[in-house]
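Trainee: Pasting a structure here, questions to come.
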Amino acid sequence: MKRIGKRARETNQSRILIARILFHVNFLLWLGMGVFYVYKIAEDGNAWPAVMVSFFFCVAAFSLLFAAQILSRRGKRIYFTLVFVAGLNVFLTFFGFQDFPFIIAALLDIVILANLIPLKDHYVAQA
Numbered sequence: 011m012k013r014i015g016k017r018a019r020e021t022n023q024s025r026i027l028i029a030r031i032l033f034h035v036n037f038l039l040w041l042g043m044g045v046f047y048v049y050k051i052a053e054d055g056n057a058w059p060a061v062m063v064s065f066f067f068c069v070a071a072f073s074l075l076f077a078a079q080i081l082s083r084r085g086k087r088i089y090f091t092l093v094f095v096a097g098l099n100v101f102l103t104f105f106g107f108q109d110f111p112f113i114i115a116a117l118l119d120i121v122i123l124a125n126l127i128p129l130k131d132h133y134v135a136q137a
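Residue numbers (the numbering used here): 11 to 137.
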């Protein structure tokens, strides 16, 4: 097993902290966007589409919250789940509404991925 130095451990912990904060910020952003868009859809008298849109916004938001919660665990599955959630969220934001909040969400996810990808050794080596 490869030993890592104190500086590498500190860097890994700071990357994990930044990713956790960004996952929570992104969760709040998706929750706020969901409330706003569901309100706009329901205001037009479209009840059934509002229910469907709210379901998908909740799934997206709570997947980010789930990812933030499992961030401190180690393992190959945990790492690939985190990268999958962030990567899928980037992919979905490009096919959503092209509004300013979605662009912010995509940028947050790209920063999350930039923090997670170098942590592969941290998650996989200790599993």
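Glycine is no exception: its CB is placed at the ideal position from the N, C-alpha and C atoms.
#1: Starting from the Cα of Ala-77, find the closest Cα among Arg-30, Glu-20 and Ala-18 and give me that residue.
#2: Answer with buried or exposed for Gly-44, where buried requires no fewer than 16 other C-beta atoms within 10 angstroms of its C-beta.
#3: Verify whether the separation of the beta carbon atoms of Val-5 and Leu-102 is less than 9 angstroms.
#4: Name the residue from Asp-109, Ser-73, Leu-75 and Phe-46 whose alpha carbon lies nearest to the alpha carbon of Val-63.
#5: For the stretch 104-118 against the stretch 17-28, are there 3 or more C-beta pairs whose distance is under 8 angstroms?
#6: Grouping DSSP H, G and I as helix and E and B as strand, with all else coil, what is Asp-131?
#7: Would you mind stating whether Val-100 and Ile-120 have Cβ atoms separated by less than 9 angstroms?
#8: Based on Cα-Cα distance, which residue from Ser-82, Ile-122 and Gly-97 lies nearest to His-132?
#9: How big is the Cα-Cα spacing for Phe-110 and Phe-104?
#10: Distance check for Leu-92 and Ala-71, CA to CA, integer angstroms please.
#11: What does the alpha-carbon distance come out to for the pair Met-11 and Gly-97?
#12: Any idea what DSSP makes of Ile-23, helix, strand or coil?
Mentor: From the atom records:
#1: Residue 77 sits at position 67 when you count from the first residue of the sequence shown. It is Arg-30 whose Cα lies nearest to the Cα of Ala-77.
#2: Within the sequence shown, the letter at position 34 stands for residue 44. It counts as buried.
#3: Residue 5 is absent from the model: the chain starts at 11 and stops at 137.
#4: To locate residue 63, count along the sequence shown from 1; it is residue 53. Looking at the Cα atoms, Phe-46 is the closest of the given residues.
#5: no
#6: Here residue 131 corresponds to residue number 121 of the sequence shown, with the count starting at 1. Three-state result, Asp-131: helix.
#7: As a first step, residue 100 is located in the sequence shown; it is residue number 90 there, counting from the start. As a first step, residue 120 is located in the sequence shown; it is residue number 110 there, counting from the start. Taking 9 angstroms as the Cβ cut-off, Val-100 and Ile-120 qualify as a contacting pair.
#8: For this step, residue 132 is matched to residue 122 along the sequence shown. The shortest C-alpha separation from His-132 is found at Ser-82.
#9: Here residue 110 is taken as the residue at index 100 of the sequence shown, counted from 1. Here residue 104 is taken as the residue at index 94 of the sequence shown, counted from 1. When rounded, the distance between both Cα atoms is 12 angstroms.
#10: Locating residue 71 in the sequence shown gives position 61, where the first residue counts as 1. Locating residue 92 in the sequence shown gives position 82, where the first residue counts as 1. Taking the straight line joining both Cα atoms gives about 14 angstroms.
#11: Within the sequence shown, residue 11 is the residue found at index 1, counting from 1. Within the sequence shown, residue 97 is the residue found at index 87, counting from 1. Reliability fails at Met-11, whose pLDDT of 48 lies under 50, so the model's placement of it is uncertain and no value is given.
#12: The sequence position of residue 23 within the sequence shown is 13, counting from 1. The question names Ile, but residue 23 is Gln in the sequence shown. Here Gln-23 sits in helix by DSSP.
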